[in-house]
Structures are given as structure tokens and as C-alpha cells.
Amino acid sequence: MGTGWKDVFSPNIWQAVLQTQFGGVWLWQIVLALVTLIVALMQPRNMPRLLFMLTTAQFILLAGVGHATLNEGVTAKIHQTNHAIHLICAAAWFGGLLPVLWCMQLIKGRWRHQAIQALMRFSWCGHFAVIGVLASGVLNALLITGFSPTLTTYWGQLLLLKAILVMIMVVIALANRYVLVPRMRQDEDRAAPWFVWMTKLEWAIGAVVLVIISLLATLEPF
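In terms of full-length UniProt numbering, the sequence shown has 218 at position 218, counting the first letter as 1, and numbering is strictly consecutive.
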């Protein structure tokens, strides 16, 4: 849309961008981000609920741009709705990993009971988030490329790498929940460090997945 930094301050460029679908979504993203920042700074009594609603709205808006807009009609609505679900579930899964690590630090202090309750809630919600990521991710790929093979393209190869890394994350999550958590009830001092290390590894892999996603969004799938 422009040729350099001078165009950042060009009213004509801004007007042209805002007339596109991406520009409209981008504008609302900025507005919601500013509102979210204000809410976080003001810290109202119902802040967690407000932050959840505002961030969810931003993820829903993201589904209005990118590959989710390739289709038309009913298929387009299904694709965008599915993509929004994919983004929300992925954010709940990956975004919850750092609070899990924080709760593991609190377990040894006076906030032990509250930390355990938070971990149990995340575990319950995490099951739905992981299932949502996998199901919506598969449907996203099918809606973009159909059943035709895409491994001959750079986009398809990156998508395969992303899928492999996500499956590794699933294995780690299952090992944490169904192997290490039961062991923590018997020998917390030995199982807890492993749980923390595995969660850090899961988070690191998730960060790599985010980088791959950013690349996929800029590439043609065909």
C-alpha cells in the first residue's frame, strides 16, 4: 500500500487501507486492544470477565482476515467460525501454560490450596481446548486445500511441521496430566520438577508453533 515510512502518515494511504476488509478488522483490533489496556490499568471488580470478553472478541475478529476468507457464502461463514474457535482454543491452551508454571511455584507456599484449585480448573478446561485445537485445525486445513496433497508446497511443508509439533505438545500434555500428576500425589518432590520441566518444554514448542503460524499466514497455500 505504500513505498516507505513517509506513507505511514499519509491520509490517502490510511483511507485506502481502511476501505479494505483487512483494514476494517485492523481498526477494530486497535480499538479493542486500547480498551483492553484501559481495563487492565483500571482493574475494575469484574476485570477477569471483561478481559476474557475483549480478548475473545479480538480472536473472533482475526478470523475475518487471512486464509479463512478464501471461500464464499455459507462455506466462508463456516470457515471463519471454525477459525475463530481454533484461535480461541489455541490461546486458552498455550496462554494457560505460563500461569500453570506460576501456580507450581505457589504450591509450596501459603497459596497452595488456591494454586491446586487453579491447576485443576485449567486441567479440566485444557481437555476441551486441546480437542478444539485439533478438530478445528483439521477442518481449517480441509477448508483451505480440500483433500488434495499440499506437501509439495512450502506452505504444506510448514503445515506438516506445525502438525507434528502440536502432536508433540499433546503427548507432553497427556504425560503431565495422566502420568506426572498422579505421581505428584505420592512423591511430589520428585514428580513436580519433572512436571515443571515438561511444561516449559511444551511452552517452548508452542512458541515455535506460533512462529510457524505467522509464516503460514503470509504464504499462498497452493
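Ideal Cβ positions, reconstructed from N, Cα and C, are used throughout, including at glycine.
| query | Shortest alpha-carbon distance to Thr55 belongs to which of Val35, Val74, Gly64, Gly146? | reply | Taking only the C-alpha atoms, the option nearest Thr55 is Val35.
| task | Pick helix, strand or coil for Leu70, following the three-state DSSP scheme. | result | coil
| message | Once the 5 residues before and after Ile212 are set aside, which same chain residues still bring their CB inside 8 Å of it? | response | Leu158, Leu161, Lys162, Leu165
| Residue burial classification, Gly109 (beta-carbon count within 10 angstroms, cutoff 16) | Counting C-beta atoms within 10 angstroms of its own C-beta, Gly109 has fewer than 16 neighbours from the protein chains shown and is therefore classed as exposed.
| Simplified DSSP assignment, three categories, for Leu34 | helix
| query | How would you label Asn12, buried or exposed, when you count the other beta carbons within 10 angstroms and need 16 or more for buried? | reply | exposed
| request: Assign Ile107 to one of three DSSP states: helix, strand, or coil. | output: coil
| message | Using only the alpha-carbon positions, how far apart do residue 223 and Ile131 sit? | response | Absent from the structure is residue 223, since the part of the chain shown begins at 1 and ends at 222.
| request: Return the residue from the list Cys103, Ala191, Ala92 that minimises the CA-CA distance to Ile116. | output: Cys103
| query | So what does DSSP say about Val170, is it helix, strand or coil? | reply | helix
| request: Would you kindly report the start and end of the unbroken alpha helix (DSSP H) that includes Glu188? | output: 188-216
| field | Among Tyr178, Ala204, Arg190, the one whose alpha carbon lies nearest that of Met169 | value | Ala204
| field | Pro44 - DSSP class collapsed to helix/strand/coil | value | coil
| query | DSSP three-state call for Gly96: helix, strand or coil? | reply | coil
| What are the boundary residues of the alpha helix (DSSP H) that includes Phe122? | 112-145
| query | If you run the structure through DSSP and keep just helix, strand and coil, what is Gln58? | reply | helix
| said: Going by DSSP in three states, Ala163 sits in which element: helix, strand or coil? | reply: helix
| How is the alpha helix (DSSP H) around Pro221 delimited, first residue to last? | Unbroken run through Pro221: none, as it is neither H nor E.
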